[in-house]
Amino acid sequence: MHRFNGVYTALITPFTDIGTVDYQALERIVNEQIESGIDGLVPCGTTGESPTLSHEEHDRVIAQTIKYAAGRVPVIAGTGSNATTEAIRLSQHAEDSGADAVLLVNPYYNKPTQKGLFLHFKAIADSVKIPCILYNIKGRTGVNLETETLIRLENECTNIVAVKEASGSLDQMKDVIEGTDDDFSVLSGDDNLALDLIKAGGDGVISVASNLFPREMVRMVHSAMEGNWDEADRLGGWFRDFFSLCFVETNPIPIKTAMAHAGWCRESFRLPMCPLESSEHRNALFQCIDRMMDDVKEGRV
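Residue numbers 78 to 378, in my numbering, belong to the letters of the sequence shown in order.
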């Protein structure tokens, strides 16, 4: 199985002014990501507003991302659901479309027991042959994938090979790293914890911020993975305000607003996602982006 490390962008899904998926914008974004050295792409995660996509749109966004990537980088398709049968169908379609792996978020709202989580993820993993990456984010799903359950899944499902850890607990991340095999990848689901995770022995990040600054995120994470901590920490400091502002309102509202400000997409959301509510947040975000883009243009970063 492929080992996952580095920076994988949790892609936004661009929409047109009338709310349909903007595939031309998506193709531009995919090409820019790859040309910037990104290690992989993750379409149809929650950053891609996947809960508001129809099944047909979900399938097509994944298939088109694979087509645009054209084998240049791995594509990890977001195929999780709170219904096991739906997650199986989405995962099988992604596999048939040529996805390199699937990303499976904790079932949301249902709040299954640990036994339920085990049976859910095992059923999906058993339904496909490609690698499965679990996505643990209690804050958005209401349930935590306990480390004991994750280790059991790793031991019983040979294609469960990684986890996107967004529990918010560095201690839990360290327990996962210590408790899993050396060839099991632990990726941060939080940009601001990526360097701490790598210091603890983790493997990289599935990133929101890299939608707008892929080249700089790659430099930061790869510097850390190569042991160049002076450079990694310098870039981490450069990113600090942006990491915070990306979550000043519910993700993906700030990052899509930032992408629209930079000309990559329209500032178009699907309800219940809506534009930034606070003008203070908007001004702070734009000032930060403009400063960072000037730094990039002038070679100061």
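Glycine included, each C-beta is placed from N, C-alpha and C at the ideal position. Keep in mind the model is a prediction, meaning the values are calculated, not measured.
query: Ignore the nearest five residues each way along the sequence and tell me which others in Ser262's own chain have a CB closer than 7 Å to its CB.; result: Arg80, Phe81, Asn82, Val238, Ala239 and Asp280
query: If we ignore side chains and look at the alpha-carbon of each, how far apart do Asn108 and Val119 end up?; result: 14 Å
query: Rounded to whole angstroms, what's the CA-CA distance from Ala87 to Thr124? Just pull it up for me.; result: 6 Å
query: Go ahead and pull the three-state DSSP assignment for Thr129.; result: helix
query: What are the partner residues of Leu194, as DSSP defines its beta bridges?; result: DSSP lists no partner for Leu194.
query: Can you grab the Cα-Cα spacing for the pair Leu230 / Lys199, in whole Å?; result: 7 Å
query: Need the endpoints of the alpha helix (DSSP H) that Asn232 sits in, please.; result: Thr224 to Glu233
query: Going by CA-CA distance only, name the one from Phe324, Lys144 and Ala202 that's closest to Arg166.; result: Ala202
query: Taking C-alpha atoms, which residue in Ile95, Val84 and Ala243 lies nearest to Leu348?; result: Ile95
query: Excluding the 5 residues preceding and the 5 following Ser113 in the sequence, name in chain order all residues of the same chain whose CB lies nearer than 8 Å to its CB.; result: Pro291, Arg292 and Val295
query: Among Val220, Asn269, Ile111 and Gly155, which has the Cα closest to the Cα of Ala146?; result: Ile111
query: Just to confirm the assignment: which complete alpha helix (DSSP H) runs, minimum length 4, are found wholly within the stretch 162 to 206?; result: 191 to 204
query: Using 8 Å as the threshold, is the C-beta distance between Met336 and Asn288 below it?; result: yes
query: DSSP beta-bridge partners for Ala146?; result: Partner(s): none; Ala146 has no beta bridge.
query: For the alpha helix (DSSP H) that Glu344 lies in, which residues bound it at each end?; result: Per DSSP, Glu344 belongs to no alpha helix (DSSP H) and is neither H nor E.
query: Could you spell out where the alpha helix (DSSP H) holding Val325 opens and where it closes?; result: That residue, Val325, is in no alpha helix (DSSP H); it is neither H nor E in DSSP.
query: Straight-line CA distance for Asp116 to Ser355?; result: 34 Å
query: In the DSSP output, what is Thr86 paired with across the bridge?; result: Leu118 and Ser284
query: In the DSSP assignment, what residue or residues form a beta bridge with Val98?; result: Phe92
query: Do Thr156 and Ala171 have their CB atoms nearer than 8 Å?; result: yes
query: Would Asp367 pass as a contact of Cys323 if the rule is Cβ separation under 8 Å?; result: no
query: Using 8 Å as the Cβ pair cut-off and three pairs as the minimum, do the stretch 209 to 221 and the stretch 173 to 193 touch?; result: yes
query: Give me the residue from Ala164, Ala178, Phe346 and Gly175 with the minimum Cα distance to Met194.; result: Just to set this straight, residue 194 is Leu in the shown sequence, not Met. Of the listed residues, the one whose Cα sits closest to Leu194 is Ala164.
query: Counting C-beta neighbours from all protein chains within 10 Å, is the total for Pro352 16 or more, i.e. buried, or is it exposed?; result: exposed
query: Taking the straight line between their C-alpha atoms, what separation do you get for Gly148 and Leu312?; result: 29 Å
query: Tell me whether Val253 is buried or exposed, calling it buried when 16 or more other Cβ atoms sit within 10 Å of its Cβ.; result: buried
query: In the DSSP assignment, the alpha helix (DSSP H) including Leu274 goes from what residue to what residue?; result: Ala271 to Lys276
query: Which word fits Leu196, buried or exposed, when buried means at least 16 other C-beta atoms lie within 10 angstroms of its C-beta?; result: exposed
query: I need the straight-line Cα distance from Leu362 to Ala271, nearest angstrom please.; result: 21 Å
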